[in-house]
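Take a look at the structure set out below.
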Amino acid sequence: MRRGGQHARATRGASRPPPLDDSPALQAIWHVVCTIPRGRAATYGAVARAAGFPGRARQAGYALRVAPAALKLPWHRVVGAGGRIVFARSSRAHQEQARRLRSEGVRVTEGRLERGALTDLT
DNA sequence: TCGATGACCTCTA
DNA sequence: ATAGAGGCCATCG
């Protein structure tokens with residue numbers, strides 16, 4: 030992928046945690062997403078943490094965003110803190126995510142998942 | 001190089 | 001419950 034054709038190799042400072050744009054990092058996140066059991070959901074933060082990137086929830090979202098459709102990830106099982114669907118209520122993605130979750134037996138009301146649907150991946 | 005922009009989170013008030 | 005401030009970091013113009 031590498032959307033803009035930009036190439037970013039370089040400066041892997043040993044001072045900072047490993048960069049996310051490395052394929053292994055993306056795969057680690059994608060893998061974690063695959064481990065979320067059917068009928069449950071995990072937050073972006075939990076996914077990032079489980080993949081070895083605590084505090085980088087935002088990057089978990091990025092990983093999902095750039096994930097090849099061919100991977101067929103259960104992306105709908107990843108939600109915002111507190112079990113909130115992050116997409117705008119009016120958006121197509123929001124409805125699609127709610128639809129998929131409900132089809133797995135998860136109750137979704139007003140963009141919120143029922144308490145208990147969340148798993149911390151620990 | 002910089003500033004803005006996100007499928008985000010946590011803490012305070 | 002809502003709002004703001006900080007923090008995080010890859011991408012893009």
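Heads up: the first sequence begins at 30 in this note's numbering, then just goes up one per residue.
The beta carbon of each residue, even a glycine, is placed where N, CA and C say it ideally should be.
Quantities reported herein were computed from a predicted structural model and do not represent experimental measurements.
Query raised in the report: Going by beta carbon distance, what residues of the same chain come within less than 6 Å of A77, once the five residues before and after it are set aside?
Result: R85, A86, A89
Query raised in the report: Given 8 Å as the limit, is there contact between the stretch 110–119 and the stretch 51–61, that is, 3 or more CB pairs closer than that?
Result: no
Query raised in the report: Three-state secondary structure (DSSP) at G34?
Result: Model confidence at G34 stands at a pLDDT of 36, short of 50, so the residue's coordinates are unreliable; what they give is reported in the following sentence. DSSP places G34 in coil when its eight states are reduced to three.
Query - Beta-carbon proximity of R69 to A127, cut-off 7 Å - result: no
Requested in this report: Using alpha carbons as the reference points, say which of G74, A79, W59 lies closest to V95.
Outcome: W59
Query raised in the report: For A92, which option in H105, G74, Q124, L49 has the closest C-alpha, if you only look at C-alpha atoms?
Result: L49
Query raised in the report: Nearest to K101 by CA position, among T151, C63, L142, is which residue?
Result: C63
**Report entry** Three-state secondary structure (DSSP) of L93
**Finding:** helix
Query raised in the report: What's the call for G111, buried or exposed, on a 16-neighbour Cβ count within 10 Å?
Result: exposed
Report task. Please report how far the alpha carbon of V61 lies from the alpha carbon of G109, in whole angstroms. Result -> 16 Å
Query raised in the report: With DSSP run on the structure shown, which of helix, strand or coil describes V115?
Result: coil
Requested in this report: Would you identify the three-state DSSP class for R141, choosing helix, strand or coil?
Outcome: strand
Requested in this report: Return yes when the Cβ of A57 is within less than 7 Å of the Cβ of A80, no when it is not.
Outcome: yes
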